[in-house]
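Contents: one structure, followed by commentary.
Numbering (the UniProt record's numbering), first residue to last: 1 to 651.
Okay, here's the thing in structure tokens:
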């Protein structure tokens, strides 16, 4: 039974009005013949006569029905609103539902102002209680429930989101609403052509989205320069919460949850990102922090209810299936899309991980770029390391990389063991250990996946699970795994009870290492006692010493050479000063390679602030400041050491 204001009829009013004004032998009526024939077969009380008689009778009944609706009390404002859509394109709050019929294509900007298409499921009015201390206040809102389309790591499925419209005075232009029908998005004379172009652009973007989402393992690394939404760093498993009872599951499956108030969305931080990213939905969903039932999609607010009714009457209704695009669900990676509208509904973002900042991100589809030259020796050749050590590293890495998937020359006694390449880099800070790891990854054309003890934890109960998860992720990405500051995992195990925790950490690392088949680089600033079992699993150990002044000069020259010619004044004077000036030699004597780099980068920042090219005076200023800071630190350390020694004497 339909009640005023007869939503299904008003949503289709223009189409119905066209039918009653056209002849029965016109295209519109003739197109309905197959559907009406099926209706006669499925309906108990079929209309007698042939197909033409049925159409004539249907038109007569439709005229009566529309006249009844028009004459019903209170319908004039709604009919007037629908009539004016095409002219003034404005809408009052109370009539908002009239522009959102089920199945309508709408547009919004949930992800960094990128246009995104949705399909309307339902628009309904709700009363929200916004009472606070001492006051009671209820507010009417319109809730618009819409389908988006997203990849969950296994299948493409429709995803239900909602938009909330709060009451506003008067009438508003439809295209100023934060979500509105695509047909009203443009208001000028060329609006139809612009809508066609916008849809084509979103379809092309959707094709990129699908390509990135279903990339094979090992082909997920891209270049990225632009804005992205960060949702934090670290690694954790998705927590699904408590299981529901069988009864709750059945009710939810058949009829959906009670709607209730939807949960608040979690918005991230917009950041400027440059460098290599991994596009990987499955890993994001498993490991990114603060992932709820659905991964983030910009400012999208997800439904707290089950998505739709699954009773037999609904699941077998072909018109409903087409209207709500139910046939878009359950598309796997190897199942091509059947309709361009599937591409159209894809969001403008993919999910991934930035290798440089070690953060989980929503990435703009149109900003992702393929890597033209994944493997390069450019950085490796600049390493300040003995040539024999560089040759060893290069030979082992290239052998391991080229041997992937081939029959090995030698096998471990136990199948599957000993296939990894473990390199240990040890020495003081700032001498090139991390740069070596970065160079190895670049040389191998692989991602550099860096982790630290803070990612793994120190509780033995958690460490094994965390280590296994990180090693699995590195294997999935075909990455070079950099385990920075791994001291606590490398020191010798002890029989003392107080060292049981550290003993457990070392044992866990050994177990996980046993079957890891990728490249692992361990770095440490100090090794006082190196566990013998860890030693046996290291394929190559490189000891780094403090850099000589000649090595620092090369580092300085390399970084200065990277600055564009027209952005540096006195280039030759700068190089001469670094090599021969007594102050420069004294200032840089106690600096490591990282500090040499920082002096040059900070000097460039000073020059930029002054609106000038990089000059010698900028470099002198930063070198003097850094050296003074170094002297202050040494003085503090010596003073503290003297106090400790006096304390021991007095004891």
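By construction, the Cβ of each residue, glycine as well, lies at the ideal position given by its N, Cα and C atoms. The model shown is predicted, which means the values in this text are computed figures rather than measured ones.
Rounded distance between the beta-carbons of residue j and residue i, thought under 8 Å
i: residue 213; j: residue 350; result: 6 Å
i: residue 539; j: residue 423; result: 7 Å
i: residue 622; j: residue 603; result: 5 Å
i: residue 168; j: residue 93; result: 5 Å
i: residue 384; j: residue 593; result: 7 Å
i: residue 66; j: residue 11; result: Residue 66 to residue 11, Cβ: 14 Å. No contact.
i: residue 119; j: residue 342; result: That belief does not hold up - the Cβ atoms of residue 119 and residue 342 are roughly 11 Å apart, past 8 Å.
i: residue 556; j: residue 600; result: 7 Å
Which of helix, strand or coil DSSP assigns to residue i
i: residue 293; result: coil
i: residue 202; result: helix
i: residue 521; result: strand
i: residue 223; result: strand
i: residue 278; result: strand
i: residue 434; result: helix
i: residue 264; result: Its pLDDT being 43, under 50, residue 264 is placed unreliably by the model, and the measurement read from it follows with that caveat. Coil.
i: residue 12; result: coil
i: residue 303; result: coil
i: residue 314; result: helix
i: residue 526; result: coil
i: residue 547; result: coil
i: residue 609; result: helix
i: residue 142; result: strand
i: residue 652; result: This structure gives no information on residue 652, because the portion of the chain shown stretches from 1 to 651.
i: residue 253; result: Confidence at residue 253 is low in this model, with a pLDDT of 41, below 50, so its placement is unreliable and the value that follows should be read with caution. Here residue 253 sits in helix by DSSP.
i: residue 308; result: coil
i: residue 327; result: helix
i: residue 242; result: Because the pLDDT of residue 242 is 36, which lies under 50, any placement of that residue in the model is unreliable, and the question is left without a value.
i: residue 573; result: helix
i: residue 55; result: helix
i: residue 284; result: helix
i: residue 516; result: coil
i: residue 157; result: strand
i: residue 709; result: Residue 709 is absent from the model: the chain starts at 1 and stops at 651.
i: residue 561; result: helix
i: residue 335; result: coil
i: residue 638; result: helix
i: residue 533; result: helix
i: residue 450; result: strand
Beta-carbon contacts of residue i that lie in its chain and below 7 Å, excluding the five residues immediately before and after
i: residue 109; result: 115 and 116
i: residue 392; result: 540
i: residue 401; result: 444
i: residue 248; result: For residue 248, the predicted structure reports a pLDDT of 42, less than 50, and the residue's modelled location is therefore unreliable. A value from the coordinates is still provided. None.
i: residue 63; result: 20
i: residue 595; result: 430 and 626
i: residue 433; result: 425, 427, 523 and 544
Close-in-space but distant-in-sequence residues of the same chain around residue i (CB under 6 Å, 5 per side omitted)
i: residue 88; result: none
i: residue 268; result: 229, 230 and 231
i: residue 566; result: none
i: residue 233; result: 358 and 359
i: residue 534; result: 490
i: residue 634; result: none
i: residue 380; result: 439 and 443
i: residue 294; result: 302
i: residue 220; result: 278, 279 and 280
i: residue 521; result: 423, 437 and 482
Chain B contact for residue i (CB, 8 Å cutoff)
i: residue 488; result: Here there is only one protein chain, and chain B is not present.
Same chain, Cβ closer than 8 Å to residue i, five either side skipped, listed in chain order
i: residue 467; result: 456, 508, 509 and 512
i: residue 59; result: 19, 20, 24 and 29
i: residue 563; result: 604 and 614
Can you check the segment 159-221 for any beta strand (DSSP E) of at least 3 residues that lies completely inside it and give the ranges in chain order? Whole beta strand (DSSP E) segments, 3+ residues: 171-173 and 179-181.
Three-pair Cβ contact test at 8 Å for the segment 97-111 versus the segment 288-305: Below 8 Å, enough C-beta pairs join the segment 97-111 and the segment 288-305 to call them touching: three or more.
Kindly confirm or deny that the segment 216-229 and the segment 366-382 touch, where touching means at least three C-beta pairs closer than 8 Å. Yes, they touch.
What are the complete beta strand (DSSP E) segments, minimum 3 residues, inside the segment 76-119? Counting only runs of at least 3 residues, the segment 76-119 fully encloses the following beta strand (DSSP E) elements, listed from N- to C-terminal order: 90-92 and 105-111.
Whether or not the segment 141-150 and the segment 164-177 are in contact is what I'm after, with contact meaning three or more pairs of Cβ atoms, one per stretch, closer than 8 Å; do they touch? Yes: at least three Cβ pairs fall under 8 Å.
Would you call the segment 476-492 in contact with the segment 444-454, where contact means no fewer than 3 C-beta pairs closer than 8 Å? Yes: the two stretches touch, three or more of their Cβ pairs being nearer than 8 Å.
I want to know whether the segment 319-328 touches the segment 95-105 - three or more CB-CB distances under 8 Å. Yes: at least three Cβ pairs fall under 8 Å.
Check whether the segment 426-443 and the segment 373-382 are in contact - that is, three or more C-beta pairs closer than 8 Å. Touching, yes.
Three or more C-beta pairs below 8 Å linking the segment 196-208 and the segment 271-285: Flag = no, the segment 196-208 and the segment 271-285 do not touch.
Suppose only complete runs of 3+ residues qualify. What are the beta strand (DSSP E) ranges in the segment 590-635, listed by chain order? Within the segment 590-635, no complete beta strand (DSSP E) run reaches 3 residues.
Whole beta strand (DSSP E) runs in the segment 454-488 with 3 or more residues, listed along the chain? If we require 3 residues or more, the beta strand (DSSP E) runs fully inside the segment 454-488 come out as 480-483.
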